[in-house]
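Position in the sequence shown (from 1) plus 3 gives the number in the numbering used here.
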Amino acid sequence: MFTSPVEEIKGRLDIQDVVGQYVKLQKAGANMRALCPFHSEKTPSFFVSPARQSWRCFGCGVGGDMFKFIMQIEGVEFGDALRTLAKRAGVELKRQSPFFEKIQTEKKVLFEIVEWAAKFFEKQLESKTGESARQYLLKRGLTEESIKNWRLGYAPESARSLLEFLQSKGFSDELVGKAGLLVWVERERFDRFRSRVIFPIADLNSQVVGFGGRIFGEKANDKTIAKYLNTSNTPLYDKSKTLYGLDKAKLEIRKQDNAILVEGYMDAILASQADSSNVVAVSGTALTISHLKILKRYSQNLILSFDMDLGGDIATRRGIDLAIGEGFSVKVVSMPEGKDPADVVQKDPSLWQQALSQAQPIFDFSFQRALNLHDKTTPEGKKAIANLLLPLLKRIPNRIEQSHWIGLLSKELDVKEDVIETELKKLKEDEVVPIFIGEDSSVPKQEQKTRKGLVEERVFVLLFRDPGLLKEVGDRSVALFSLPAQEILQGMSKNPTFDFKEFEHLFPEETVDILNQLALKADVEQWEEEQDQGETLLEFQKCLGELLKLDLKEKLDKIAKEIKLAEELRDGERVKTLMEEFQRLSETFHLSH
4 MFTSPVEEIK
14 GRLDIQDVVG
24 QYVKLQKAGA
34 NMRALCPFHS
44 EKTPSFFVSP
54 ARQSWRCFGC
64 GVGGDMFKFI
74 MQIEGVEFGD
84 ALRTLAKRAG
94 VELKRQSPFF
104 EKIQTEKKVL
114 FEIVEWAAKF
124 FEKQLESKTG
134 ESARQYLLKR
144 GLTEESIKNW
154 RLGYAPESAR
164 SLLEFLQSKG
174 FSDELVGKAG
184 LLVWVERERF
194 DRFRSRVIFP
204 IADLNSQVVG
214 FGGRIFGEKA
224 NDKTIAKYLN
234 TSNTPLYDKS
244 KTLYGLDKAK
254 LEIRKQDNAI
264 LVEGYMDAIL
274 ASQADSSNVV
284 AVSGTALTIS
294 HLKILKRYSQ
304 NLILSFDMDL
314 GGDIATRRGI
324 DLAIGEGFSV
334 KVVSMPEGKD
344 PADVVQKDPS
354 LWQQALSQAQ
364 PIFDFSFQRA
374 LNLHDKTTPE
384 GKKAIANLLL
394 PLLKRIPNRI
404 EQSHWIGLLS
414 KELDVKEDVI
424 ETELKKLKED
434 EVVPIFIGED
444 SSVPKQEQKT
454 RKGLVEERVF
464 VLLFRDPGLL
474 KEVGDRSVAL
484 FSLPAQEILQ
494 GMSKNPTFDF
504 KEFEHLFPEE
514 TVDILNQLAL
524 KADVEQWEEE
534 QDQGETLLEF
544 QKCLGELLKL
554 DLKEKLDKIA
564 KEIKLAEELR
574 DGERVKTLME
584 EFQRLSETFH
594 LSH
C-alpha cells in the first residue's frame, strides 16, 4: 500500500520511460546513458539507473529522481512536476479542502472546454467554410505540417457556432464564458472569436489554455477592427505569464542556451519553419518580468526581434530594461524597415538566418542607434543621447560592465565620466526597474563543495564499488568524517550489502538522493573501467590519508587563532601550551605528506 502520491507515482512509472520521452537512451551495462539535455556535450555523461530509479549527469553535476528530472527539463516547481507525473501515472491527487477540490474540478472542466474549442477551430479550418483562411495561411508561407503541428484553426463568421458546439458537449454558458470564449452584448452571448484565423496558446505541458485570433482578407483593411484578438485572462490563461510556443521551444532553448523572442504568432511559426526551433512570442502583451523569469529557467541569453525604435515604443524599451535588470545577455536582430520576421522568412528563409548571425549586443545596438538619431556635437544632441542610454546603463547589474559603457559614452559625448555617473544617480527609482540579483535557473548552480566534502563523496563511491572496504575504516578514521558522513557509515556498517531499502529510512530524503547518485557513479565507473581490488584499496587508503591531512590542517588553523587570542590577552602560559600542541600537530601533518 502506498503511503503518498509520490510513492504511488514512483511505483507506477519507471524513470527510464520518463527520461526516455525527452532524451535518446542507450544501454550502458546495467544502466542507460545519453547526451545530457542540460548542457552541450559530445560524449555522453548523463546516466539513468533503472535499479535505483535515479539519474545523474557527471558533466554538469545535476541529478535526482524522476520528479527532479521533470523539474529540471520542464523548468517547473515540484507541484507542477507532481501534477505532470500524476497525470502520466493515472494517480489522482486529492486535497482535503472542499474549496480546493472545487477549484481543481472547475479548472479541469475549463481545460476540457478549451481543448474542445481547439478541435472545433481545427475542424473548421479543414472544412469548406475555412478554405479562405487556409489559403491565407498557405500564401503567408506556412506549410501543411506547420498548420497541423501548431493546431491552427478558423473561427466562422456565425455569431454562436462555437457556443452551440460546446453546449452540445454539455458545457454551461457560464463555464464557456470563464474559459474566455464568449462576449456579452446586453443580455446576449456571442462567440468571442469570429471570422478569424485561430492560434491556440498552450502551457508548458502543451495543454491549450487560450487562443489568439487574426483577421485576414478584406477585413484586414478595416481599421475599425482589431487586427489581433486574444483570450482575456482566465483561470487557465494569463498573458503576462504565457509565451507562445514555449512548450515546443523549451528544450531547444536549453540546448542552444538562447531564446529568440518575436512579437507575433506568425513570426514564431515561420521562424520555426526556418530552423529556429528556439523561438517564442509574447502573447498579446509587452514583455513582462514574469515572462523573463520563466525564460530564465532555460537560458539567460535572449535574442530580440522586435520593432526596436529607441525613441518610440515605451513598452518595448521597458521589456529590454527588465531583461537587463534580470541579468540577461540581450542581443537584437535588425530587420529591414517595416518588415517583421514572418515577412523576411516568407521572402527567403536564408535572410532570416543571416539576420540572426548578425545580431548585435543590445548596448552596441542602442549606442549605434542613439548616435545615429542625434547629433553628438551639440548640447541638445548630447542630452537626447544621454536620455536614451542612461536608463539602460542604470539597469546593468554588473558594475564592471556598467563602468565599461560609462567610459564609452563619456568618450562619444566628450564629457567626463563622473558627470555621467552623477546623472545616473539622479534617475528616480520609479524610472528604473529594480534589479533582481537572485538565482532563478532551472539548472541551479551546484553548491560550492569543500575539499573534505569531495573526498567524502569519493570514499562512498569506492565503498559502493567494493563494500568490503568498510572494514578499512576504523574508529580513528571514522572521527575524520563530518557528522552526516559518520551517520551514513554507521548505517552502512549495519547493512553490509548496502541495500538502500534496508537503511534509507534512517536518513533525510536529500541524503538518500545523494547516496543514490554516488551509487550510480560507482556503477558507471565499474562499467567504463577495469580496476582490480588492489587499486581500489590503494585509492581508498589515499582518501583516508587525505581526510587525515584535512583534519590536521583544520586543527592547526584553530590553534593558530587561539595562539593569537592568547597573545592579545598576554597569557604567556597559554601561549606556550598552544605552541607545543601546534608543533606536535605540525610534525604529524608533515609526516602525512
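Note that CB positions come from ideal geometry on N, CA and C, so glycine has one too.
> Excluding five sequence neighbours on each side, which residues of the same chain lie with their C-beta closer than 6 Å to the C-beta of F370?
Replying inline: Residue 370 sits at position 367 when you count from the first residue of the sequence shown. Here the set comprises nothing.
> Would you call T87 buried or exposed, if buried means 16 or more other Cβ atoms sit within 10 Å of its Cβ?
Replying inline: Along the sequence shown, read from residue 1 onward, the residue named residue 87 stands at position 84. Classification for T87: buried.
>> Applying the 10 Å Cβ sphere with the 16-neighbour rule, what's the burial state of G328?
In response: Position 325 of the sequence shown holds residue 328. It is buried - the Cβ of G328 has at least 16 other Cβ atoms within 10 Å.
> From V94 to G66, what distance separates their C-alpha atoms?
Replying inline: Within the sequence shown, the letter at position 91 stands for residue 94. Within the sequence shown, the letter at position 63 stands for residue 66. Roughly 24 Å separates the two Cα atoms.
>> If contacts are defined as beta-carbon pairs under 8 Å, then A373 and K334 qualify, I think. What distance do you get, rounded to the angstrom?
In response: Translated into the one-based positions of the sequence shown, residue 373 becomes position 370. Translated into the one-based positions of the sequence shown, residue 334 becomes position 331. Their Cβ separation, rounded to whole angstroms, is 17 Å, which puts A373 and K334 out of contact at 8 Å.
> Among the residues of its own chain, which have a CB less than 6 Å from the CB of P159, if the five just before and after it don't count?
Replying inline: Here residue 159 corresponds to residue number 156 of the sequence shown, with the count starting at 1. Result list for P159: Q127, T132, in chain order.
> Taking just the CA atoms, how far does R154 sit from P203?
Replying inline: Within the sequence shown, residue 203 is the residue found at index 200, counting from 1. Within the sequence shown, residue 154 is the residue found at index 151, counting from 1. Computed Cα separation, rounded: 7 Å.
> Ends of the beta strand (DSSP E) at A31?
Replying inline: Your numbering for residue 31 matches position 28 in the sequence shown. It spans 29 to 31 - the beta strand (DSSP E) in which A31 sits, taken as one unbroken run.
>> Less than 8 Å between the C-beta atoms of V179 and I116, yes or no?
In response: By one-based count along the sequence shown, residue 179 stands at place 176. By one-based count along the sequence shown, residue 116 stands at place 113. Yes, the pair counts as a contact, with Cβ atoms nearer than the cut-off.
> Does the distance from the CB of L472 to the CB of L465 come in under 8 Å?
Replying inline: As a first step, residue 472 must be located in the sequence shown, where it is residue number 469. As a first step, residue 465 must be located in the sequence shown, where it is residue number 462. Going by C-beta atoms, L472 is nearer than 8 Å to L465.
>> I need the DSSP call for M338, collapsed to helix, strand or coil.
In response: For this step, residue 338 is matched to residue 335 along the sequence shown. Correct three-state label for M338: coil.
> Can you give the Cα-Cα distance for A205 and G156, rounded to whole angstroms?
Replying inline: The residue you call residue 205 lines up with position 202 of the sequence shown. The residue you call residue 156 lines up with position 153 of the sequence shown. Spanning the two alpha carbons is a distance of roughly 14 Å.
> Using a Cβ-Cβ cut-off of 6 Å (strictly less than) and excluding sequence neighbours within five positions of S275, which residues of its own chain qualify?
Replying inline: Here the question's residue 275 lines up with position 272 in the sequence shown. Hits under 6 Å: V282.
>> So, at 7 Å on beta carbons, what are the nonlocal neighbours of Q210 in its own chain, with the 5 sequence-adjacent residues on each side left out?
In response: Working through the sequence shown from its first residue, we reach residue 210 at position 207. Around Q210: F114.
> In angstroms, rounded to a whole number, what distance separates the CA positions of W530 and G82?
Replying inline: Taking the sequence shown and counting its residues from 1, the one referred to as residue 530 is at position 527. Taking the sequence shown and counting its residues from 1, the one referred to as residue 82 is at position 79. Roughly 36 Å separates the two Cα atoms.
>> Cutting at 6 Å between CB atoms, please list the residues of its own chain near Q544, excluding the five before and the five after it.
In response: Locating residue 544 in the sequence shown gives position 541, where the first residue counts as 1. Around Q544: no qualifying Cβ.
> Going by beta carbon distance, what residues of the same chain come within less than 8 Å of G441, once the five residues before and after it are set aside?
Replying inline: By one-based count along the sequence shown, residue 441 stands at place 438. In this predicted model, G441 has a pLDDT of only 26, less than 50, meaning its place in the structure is not dependable enough to derive any value.
>> Within 8 Å, do at least three Cβ pairs link the segment 518 to 527 to the segment 53 to 60?
In response: yes
>> Please report the straight-line C-alpha distance between E177 and K242, rounded to a whole angstrom.
In response: Position 174 of the sequence shown, counting from 1, holds the residue named residue 177. Position 239 of the sequence shown, counting from 1, holds the residue named residue 242. Each residue's Cα considered, the two are about 21 Å apart.
>> Please return the same chain residues whose Cβ sits closer than 7 Å to the Cβ of I388, not counting the five positions on each side in sequence.
In response: Stepping through the sequence shown from its first residue, residue 388 is reached at position 385. Once the five neighbours on either side are set aside, the close Cβ partners of I388 are A373, L374, H377, K379, L416.
>> With three or more beta-carbon pairs closer than 8 Å as the criterion, would you say the segment 290 to 308 touches the segment 244 to 262?
In response: yes
> In its own chain, which residues sit with a C-beta less than 6 Å from the C-beta of D343, not counting the 5 before and 5 after it?
Replying inline: Against the sequence shown, residue 343 aligns to sequence position 340. Only D270 meet the Cβ criterion.
> In three-state terms, what does DSSP make of G14?
Replying inline: Here residue 14 corresponds to residue number 11 of the sequence shown, with the count starting at 1. G14: helix per DSSP, three-state reduction.
>> Output needed for L597: all residues of its chain with C-beta closer than 8 Å, excluding positions within five of it in sequence on either side, in chain order.
In response: Only positions 4 to 596 of the chain appear in this structure, which leaves residue 597 out of reach.
> Does the distance from the C-beta atom of L581 to that of I566 stay below 8 Å?
Replying inline: The count along the sequence shown starts at 1 and reaches residue 581 at position 578. The count along the sequence shown starts at 1 and reaches residue 566 at position 563. Yes, the Cβ-Cβ distance between L581 and I566 is below 8 Å.
>> To the nearest angstrom, how far is the alpha carbon of C39 from that of K71?
In response: Stepping through the sequence shown from its first residue, residue 39 is reached at position 36. Stepping through the sequence shown from its first residue, residue 71 is reached at position 68. For C39 and K71, the distance between alpha carbons rounds to 15 Å.
>> Since L185 and R195 should fall inside the 8 Å C-beta cutoff, what is the C-beta to C-beta distance between them, to a whole number of angstroms?
In response: Along the sequence shown, read from residue 1 onward, the residue named residue 185 stands at position 182. Along the sequence shown, read from residue 1 onward, the residue named residue 195 stands at position 192. Indeed, because the Cβ distance is near 6 Å, the residues count as touching under 8 Å.
> What's the C-alpha gap between T381 and D324?
Replying inline: Mapped onto the sequence shown, residue 381 falls at position 378. Mapped onto the sequence shown, residue 324 falls at position 321. Their Cα atoms are separated by approximately 27 Å.
>> If you reduce the DSSP assignment to three classes, tell me which class Y268 lands in.
In response: For the purposes of this step, residue 268 is identified with residue 265 of the sequence shown, where counting begins at 1. Helix.
>> What would DSSP say about S164, mapped onto helix, strand or coil?
In response: The residue given as residue 164 occupies position 161 in the sequence shown. Note: S164 maps to helix in three-state DSSP.
>> Using C-beta distances below 6 Å, list every residue in its chain close to A84, excluding the 5 sequence neighbours before and after it, in chain order.
In response: Locating residue 84 in the sequence shown gives position 81, where the first residue counts as 1. Closer than 6 Å at the Cβ level, and outside the excluded window around A84, lie F70, I73, M74.
> Hey, how far is the Cα of S337 from the Cα of L145?
Replying inline: Locating residue 337 in the sequence shown gives position 334, counting from the first residue. Locating residue 145 in the sequence shown gives position 142, counting from the first residue. Distance between the alpha carbons of S337 and L145 is about 23 Å.
> So the beta strand (DSSP E) G213 belongs to, where does it begin and stop?
Replying inline: Residue mapping note: residue 213 aligns to position 210 of the sequence shown, counting from 1. Start and end: 211 to 217.
> In three-state terms, what does DSSP make of E329?
Replying inline: Reading the sequence shown from its first residue, position 326 is the one you call residue 329. Coil.
>> Taking the alpha helix (DSSP H) that W58 belongs to, which residues open and close that run?
In response: If you number the sequence shown from 1, residue 58 lands on position 55. Premise fails: W58 lies in the beta strand (DSSP E), 57 to 60, not in any alpha helix (DSSP H).
>> What I want to know is whether the C-beta of A522 ends up closer than 7 Å to one or more non-hydrogen atoms of the ligand NAD.
In response: The model depicted lacks the ligand NAD and carries no ligand whatsoever.
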